[in-house]
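Residue numbers (the UniProt record's numbering): 1 to 310.
Cβ coordinates follow ideal geometry from the N, Cα and C atoms, glycine included.
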């Protein structure tokens with residue numbers, strides 16, 4: 001431990017630095033095998049390990065060995081081979097690049113879930129150049145047909161939008177013309193002309209509502225008129241009763257006064273002539289409270305009461 005912390009080392013007197021050097025491999029030995037590098041990559045497709053059945057999806061990151069085989073090329077494009085390990089059983093999985101199909105090819109250790117360029121082909125069948133050309137032409141035709149359908153749908157949508165805009169423009173023109181007509185009528189003829197102009201553009205719902213309001217107002221006016229007539233009749237009846245009661249009271253008073261005078265004369269006559277019999281005394285005045293007749297509010301509102309059967 002102490003030797004690690006010192007700043008200087010001991011060199012013996014016979015030390016020759018020229019004899020100390022790095023061990024380098026020969027240039028021929030380095031080119032004997034394929035070049036191998038350690039790289040970090042993501043799985044280019046989803047695959048399934050054949051040893052344990054583990055699924056590894058596209059985009060999973062791995063520490064891989066990249067091999068560059070010197071003799072494997074396609075049209076001058078170098079092919080590369082990658083070695084990875086299964087995340088569950090650590091089995092070796094090998095796949096390489098495929099410039100011909102612009103994809104990757106699984107070699108061993110796992111099975112690819114889907115092979116896009118082998119759609120419609122049987123197991124183990126390879127796609128020829130004629131089949132590839134036919135497939136590309138068919139895909140291009142399908143794409144053109146899809147574009148044509150999209151163009152038709154876009155044209156229909158534009159037509160619908162144009163119709164909607166025309167309807168909105170017509171409605172706006174109608175509103176503007178109606179407002180101009182109302183303003184002109186108000187400016188020229190005043191209230192009567194304005195009412196006449198409005199009457200020409202009133203909707204049926206507004207006419208029905210106005211008619212119902214007029215009917216309600218007429219019914220209320222008739223009910224109030226009937227109630228006023230009932231009050232007048234009741235007042236006349238009460239006045240007649242009061243007059244009748246006043247007449248009866250005056251008659252009773254005169255009778256009482258006559259009785260008093262008669263009794264005085266009788267007393268004097270009785271005093272003068274004790275043989276004449278005394279007349280009976282008049283009844284005392286009544287101070288009983290007269291109950292006022294109650295108003296019939298049902299009659300005021302025009303509601304008729306049912307007559308009793310008995």
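Coil, strand or helix - residue i by DSSP
i, result
"residue 226", "helix"
"residue 272", "Its pLDDT being 41, under 50, residue 272 is placed unreliably in this model, and the value from its coordinates should be taken loosely. Note: residue 272 maps to helix in three-state DSSP."
"residue 293", "coil"
"residue 54", "coil"
"residue 81", "strand"
"residue 72", "coil"
"residue 9", "coil"
"residue 88", "coil"
"residue 237", "helix"
"residue 281", "coil"
"residue 14", "coil"
"residue 20", "coil"
Beta-carbon proximity list for residue i, same chain, < 7 angstroms, skipping 5 on both sides
i, result
"residue 34", "67, 68, 69, 70"
Top-ranked residue by Cα proximity to residue i, from the options
i, options, result
"residue 84", "76, 95, 75, 204", "95"
"residue 77", "87, 98, 59, 90", "98"
"residue 56", "93, 173, 72", "93"
"residue 297", "173, 240, 290, 224", "224"
"residue 228", "14, 100, 302", "302"
"residue 383", "282, 293, 45", "Any question about residue 383 goes unanswered here, given that the chain covers just 1 to 310."
"residue 295", "8, 238, 244, 281", "238"
"residue 42", "49, 51, 48, 58", "58"
"residue 40", "20, 63, 50", "63"
"residue 102", "113, 38, 80, 111", "80"
"residue 246", "154, 290, 213", "290"
Counterpart residues of residue i in DSSP-defined beta bridges
i, result
"residue 37", "66"
"residue 97", "104"
"residue 61", "42"
"residue 209", "Its beta-bridge partners do not exist; DSSP assigns none."
"residue 47", "56, 112"
Residues of its chain near residue i, where Cβ-Cβ distance is below 6 angstroms and the 5 sequence neighbours each way are ignored
i, result
"residue 11", "none"
"residue 262", "Confidence at residue 262 is low in this model, with a pLDDT of 47, below 50, so its placement is unreliable and no value can be given for it."
Any C-beta of chain B under 8 angstroms from that of residue i
i, result
"residue 168", "In summary, chain B is missing from the structure at hand, where a single protein chain is found."
Legend entry - Sequence ranges, alpha helix (DSSP H) only - wholly within the stretch 127-195, length at least 4: 129-188
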